[in-house]
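S.K.:
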Ligand SMILES: Cc1cc2nc3c(=O)[nH]c(=O)nc-3n(C[C@H](O)[C@H](O)[C@H](O)COP(=O)(O)OP(=O)(O)OC[C@H]3O[C@@H](n4cnc5c(N)ncnc54)[C@H](O)[C@@H]3O)c2cc1C
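In the working numbering, the protein residues as written are 10 to 432.
1) Since residue 220 is in the beta strand (DSSP E), which residue starts that stretch and which ends it?
2) Among residues of its own chain, excluding the 5 on either side of residue 191, which ones have a beta-carbon nearer than 8 Å to its beta-carbon?
3) Could you tell me if the beta carbon of residue 55 falls within a distance shorter than 6 Å of some heavy atom in ligand 1?
4) How long is the line joining the alpha carbons of residue 59 and residue 10, rounded to whole angstroms?
5) At a cut-off of 6 Å, would you count residue 92 as near ligand 1, judging by its Cβ distance to the nearest heavy atom?
6) Can you tell me which of 168, 80, 43 and 27 puts its alpha carbon nearest to the alpha carbon of residue 37?
7) Would you identify the three-state DSSP class for residue 16, choosing helix, strand or coil?
8) For the candidate residues 283, 289 and 165, whose alpha-carbon lies nearest to that of residue 245?
9) Starting from the C-beta of residue 158, find all residues in its chain whose C-beta is less than 6 Å away, skip the five residues before and the five after it, and write them out in chain order.
10) According to DSSP, residue 163 sits in a beta bridge with which residue or residues?
11) Specify the secondary structure class of residue 288 as computed by DSSP and reduced to three states.
12) Kindly provide the ranges of any beta strand (DSSP E) runs that are 3 or more residues long and lie completely inside the stretch 375-406, ordered along the chain.
13) Could you name each continuous alpha helix (DSSP H) segment of 4 residues or more that falls completely within the stretch 292-340, going from the start of the chain to the end?
14) Report the residue ranges of all alpha helix (DSSP H) runs contained in full by the stretch 132-199; include only those spanning at least 4 residues, in chain order.
15) Excluding the 5 residues flanking residue 169 on each side, which residues of the same chain have their C-beta closer than 6 Å to its C-beta?
16) Is it buried or exposed for residue 418, if we count other Cβ within 10 angstroms and need 16 for buried?
17) Can you determine whether any heavy atom of ligand 1 sits closer than 6 Å to the C-beta of residue 105, and answer yes or no?
18) In whole angstroms, what is the alpha-carbon distance linking residue 16 and residue 217?
19) For residue 399, which residues of its own chain have a beta-carbon under 7 Å away from its beta-carbon, when the five flanking residues on both sides are left out?
20) Pick helix, strand or coil for residue 93, following the three-state DSSP scheme.
21) What does a CB cutoff of less than 6 Å around residue 260 pick up in its chain, not counting 5 residues either side in sequence?
22) Quick check: what's the CA-CA separation for residue 161 versus residue 336?
23) Nearest by alpha-carbon distance to residue 61: which of 144, 132 and 24 is it?
Here it is, written out as structure tokens:
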């Protein structure tokens, strides 16, 4: 079959949730899901894998066991959208047509935007929790670290789960604190952001944590290269942190940090040697979205252009989009998808039935940030960047109950309820 009433591009967190929810509302819909991947991943647990408290094997399952019954799985990669013809093209030139389209192929990891990273990732003490293959290596590095310089990076682009680059840093510091070696660890957070967290109420908790662990923070920094051979990270920055200023003014011949220029109008180029590095690559819309008519022309990262409340495409009214690939100015998380999926379902069914689109997504997202082993701050907020707390207590305070939510309850909910459309 090459025509579907509803065609979904991407069978990840968003695609399967929305397909299941649509069928729960109307079991007679004909739905096709296009996705070439044989495996489905629960990515939020990769932080826990990197911290040694979750088995990587439990984050990967056969996609065939999760594709909702009564849908058709087309194991192809979409390459081209022809929205005027209600058609998509796949890599083998297969054409699929639709009445309504839902676009959710996730976000692209641009490893090659950091020189040398692709070649060295997963060895030379350089790891990333953003990759199924290397998340376990993060734990090897943390566990075996005996002191020295540990670097954690965060890119300048929006990413999936904005908290993940620093979540692993807090857990690593707590591990080294308990091991009695934190005072021998020189920990650097090299971040493209200008603040530790965008919501001030939660940022306060994290600022105290950064100070407790003695982490040196470099904001507004763009990592340009990572060299696994020399164990050097290079980044450009306009703001030199006090720590780096001090390091450069007291530079010894044996020291390992160099700065190439320091003109206020120019970016300073900094190189820093490290013993271990956890890195997060820049991210953007998948290339086949960036090169398509669906993209937001005003956004250099090429996301799908939608109305941030209805989730409907701004120009093609029979197309909706959700998840990490959209230009909605929310934090890109599975938690956001939990609130976006019912909006897409309600509005799409309204459109099919000739009714007005009344459902509205408010930008809700959540970021569960472990502050130490056994304690977690559940940051919840919306488009206004104001806290939007679910529980009847101050969620800016890290708690054991929230750690249990992240490590036990949410993984179970994901595989058993969220993908089935019942949570
Ligand atoms: C380290 C890490 C920690 C995280 N922590 C959290 C957390 O604590 N809480 C939270 O809520 N979220 C977290 N997230 C984010 C969460 O995993 C994502 O936001 C979520 O998976 C996005 O869902 P999606 O459906 O948009 O994309 P994905 O789940 O990535 O799925 C995209 C799907 O599209 C398919 N696809 C890609 N290209 C094509 C193509 N050309 N044609 C057809 N199909 C295609 C892929 O095969 C894939 O199956 C984390 C992510 C990472 C990496």
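All C-beta atoms in this analysis are idealised placements derived from N, C-alpha and C, irrespective of residue type, glycine included. Keep in mind that this is a model prediction, so the values were computed, not measured.
M.R.: Reading it off the structure:
1) Counted from its first residue, the chain shown places residue 220 at position 211. Residue 220 -> not in any beta strand (DSSP E); alpha helix (DSSP H) instead, spanning 209-222.
2) The count along the chain shown starts at 1 and reaches residue 191 at position 182. Result list for residue 191: 182, 185, 222 and 223, in chain order.
3) Residue numbering aside, residue 55 sits at position 46 when the chain shown is read from its first letter. For ligand 1, at least one heavy atom lies less than 6 Å from the Cβ of residue 55.
4) Counting from one through the chain shown, the residue named residue 59 turns up at place 50. Counting from one through the chain shown, the residue named residue 10 turns up at place 1. Each residue's alpha carbon lies about 42 Å from the other.
5) Here residue 92 refers to the residue found at position 83 when the chain shown is read from its first residue. Answer for residue 92: no, Cβ out of range of ligand 1.
6) The residue labelled residue 37 in the question sits at position 28 within the chain shown. The option with the nearest alpha carbon to residue 37 is 80.
7) Position 7 of the chain shown, counted from the start, is the residue given in the question as residue 16. It is a strand residue.
8) In the chain shown, counting from the first residue as 1, residue 245 sits at position 236. It is 165 whose Cα lies nearest to the Cα of residue 245.
9) Position 149 of the chain shown, counting from 1, holds the residue named residue 158. The answer, listed in chain order, is 195, 283 and 284.
10) As a position in the chain shown, residue 163 is number 154, starting the count at 1. Paired residues: 200.
11) Numbered from 1 along the chain shown, position 279 holds the residue referred to as residue 288. If DSSP states are grouped into helix, strand and coil, residue 288 belongs with coil.
12) 384-390
13) 296-299
14) 144-153 and 173-188
15) As a working note, residue 169 is residue 160 in the chain shown. So the list reads 116, 333 and 341, once near-sequence residues are dropped.
16) Residue 418 sits at position 409 when you count from the first residue of the chain shown. The residue is exposed, with fewer than 16 neighbouring Cβ atoms inside 10 Å.
17) In the chain shown, the residue the question calls residue 105 occupies position 96. Answer for residue 105: no, Cβ out of range of ligand 1.
18) Taking the chain shown and counting its residues from 1, the one referred to as residue 16 is at position 7. Taking the chain shown and counting its residues from 1, the one referred to as residue 217 is at position 208. If you draw a straight line from the Cα of residue 16 to the Cα of residue 217, it comes to about 47 Å.
19) Residue mapping note: residue 399 aligns to position 390 of the chain shown, counting from 1. Correct list, in chain order: 389.
20) For the purposes of this step, residue 93 is identified with residue 84 of the chain shown, where counting begins at 1. Correct three-state label for residue 93: helix.
21) On the chain shown, position 251 is the one that residue 260 refers to. Caution is warranted here: a pLDDT of 42 is assigned to residue 260, below 50, making its placement in the model unreliable, and no coordinate value can be reported.
22) By 1-based counting over the chain shown, the position of residue 161 is 152. By 1-based counting over the chain shown, the position of residue 336 is 327. Straight-line Cα distance between these residues: approximately 27 Å.
23) In the chain shown, the residue the question calls residue 61 occupies position 52. Among 144, 132 and 24, the Cα nearest to that of residue 61 is on 144.
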